[in-house]
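Numbering (mature numbering (1 follows the signal peptide of the UniProt record, and there is no 0)), first residue to last: -25 to -1, 1 to 275.
Note that beta-carbon positions come from the ideal geometry of N, C-alpha and C, so glycine has one too.
Small disclaimer: the values here were computed from a predicted structure and weren't measured.
Below you'll find the structure, written out as structure tokens, and then a few comments.
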């Protein structure tokens, strides 16, 4: 009952907080030797009414990210006073070329890579993805259509589950597509906003990719039609920052990945194994906090 009351109060709370929310669309420069972007932060909770769910949206991260980075805290009632790690640093996914959109399902995060004034830049947003049985597909696609205030034409698969739904949901607060939508060349899949921001950082859709309501307009304005998009699954990422080796590990419950073997293969592929501290590697693979961890040997 307490959780029901908590969730019923969240929409009003988010409307109050919305003007205070920071702009999530920061531009991060990157390069071959600078593939760790952003900076980890901390936040001190002093009010017992604050939750990790509110903080995730306030700081532009997903539910999964803030929960994984703070495994000892209850996401609904973390208590006070307590210090929260804000997972606002990321290793870029491993790609042959950094162009257009990349979605890493393992971390539930979208990246947009582009060049401005001869500088390589990245923009990144947390996302919600397909639920069990409705997995968001992996593959290479492109953006073929952009729509402001989209109507939702309810798919037959969803109508079978929820026969009370109308054939079409017009634009407005009850529309699950939110205010903007980008259609992929796989036409059943959209990147769109949401009227349920609590679903960001969760597997809760029928395959589409959801962004926070305040994030989708920024992505929509930045990304032209025809932009390529790669949807990948990379639970382990390696990156460099200021000559130091970092690893980022994301836990996937349904995955059969052997994390140690995959990490070793990545390190050897990049000829980095001799430069890492194996104890640090084991710790990062064990904790799986989803944040960049420095695994370089000291003095390297």
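Identified DSSP bridge partners for residue i
i, result
"residue 75", "88"
"residue 96", "4 and 89"
"residue 223", "212"
"residue 251", "271"
"residue 115", "205"
"residue 103", "185"
Anticipated Cβ contact below 8 Å, residue i with residue j, distance rounded
i, j, result
"residue 48", "residue 102", "Between residue 102 and residue 48 the Cβ distance is about 23 Å, and since that is not below 8 Å, they are no contact."
"residue 198", "residue 154", "Actually they are not in contact, since the Cβ atoms of residue 198 and residue 154 sit about 15 Å apart, beyond 8 Å."
"residue 171", "residue 39", "Actually they are not in contact, since the Cβ atoms of residue 171 and residue 39 sit about 15 Å apart, beyond 8 Å."
"residue 4", "residue 96", "6 Å"
Whether residue i touches residue j by CB criterion (9 Å)
i, j, result
"residue 181", "residue 114", "no"
"residue 229", "residue 94", "no"
"residue 207", "residue 160", "no"
"residue 194", "residue 87", "yes"
"residue 83", "residue 37", "yes"
"residue 204", "residue 80", "no"
"residue 144", "residue 138", "no"
Residues of its chain near residue i, where Cβ-Cβ distance is below 7 Å and the 5 sequence neighbours each way are ignored
i, result
"residue 69", "209 and 212"
"residue 191", "153, 154, 155, 167 and 168"
"residue -3", "Reliability fails at residue -3, whose pLDDT of 48 lies under 50, so the model's placement of it is uncertain and no value is given."
"residue 57", "20 and 48"
When the options are compared against residue i, the one with the closest alpha-carbon
i, options, result
"residue 265", "149, 225 and 13", "225"
"residue 252", "271, 145 and 136", "271"
"residue 18", "33, 174 and 11", "33"
"residue 98", "256, -1 and 72", "-1"
"residue 74", "41, 127 and 116", "116"
"residue 146", "139, 126, 214 and 91", "126"
"residue 244", "214, 91 and 258", "214"
"residue 16", "273, 274 and 267", "267"
"residue 227", "263, 129, 220 and 216", "263"
"residue 11", "219, 238 and 41", "219"
"residue 72", "236, 2, 173 and 7", "7"
"residue 257", "273, 222, 274 and 232", "222"
"residue 254", "246, 241 and 269", "269"
Beta-carbon contacts of residue i that lie in its chain and below 6 Å, excluding the five residues immediately before and after
i, result
"residue 85", "78, 100 and 102"
"residue 158", "119, 120 and 165"
"residue 29", "none"
"residue -10", "Note that residue -10 has pLDDT 40, beneath the 50 cutoff, so the model's placement of it is unreliable and the number below is only indicative. The answer is none, since no qualifying residue turns up."
"residue 234", "260"
"residue 91", "none"
Cβ-based neighbour list, residue i, same chain, cut-off 8 Å, excluding 5 preceding and 5 following
i, result
"residue 162", "119"
"residue 53", "20, 25, 26, 27, 45 and 59"
"residue 14", "63 and 64"
"residue 55", "20, 21, 22, 23 and 25"
"residue 148", "170"
"residue 239", "248"
"residue 140", "129, 133 and 134"
Test: residue i CB closer than 9 Å to a CB of chain B
i, result
"residue 57", "In the structure shown, chain B does not exist; there is a single protein chain."
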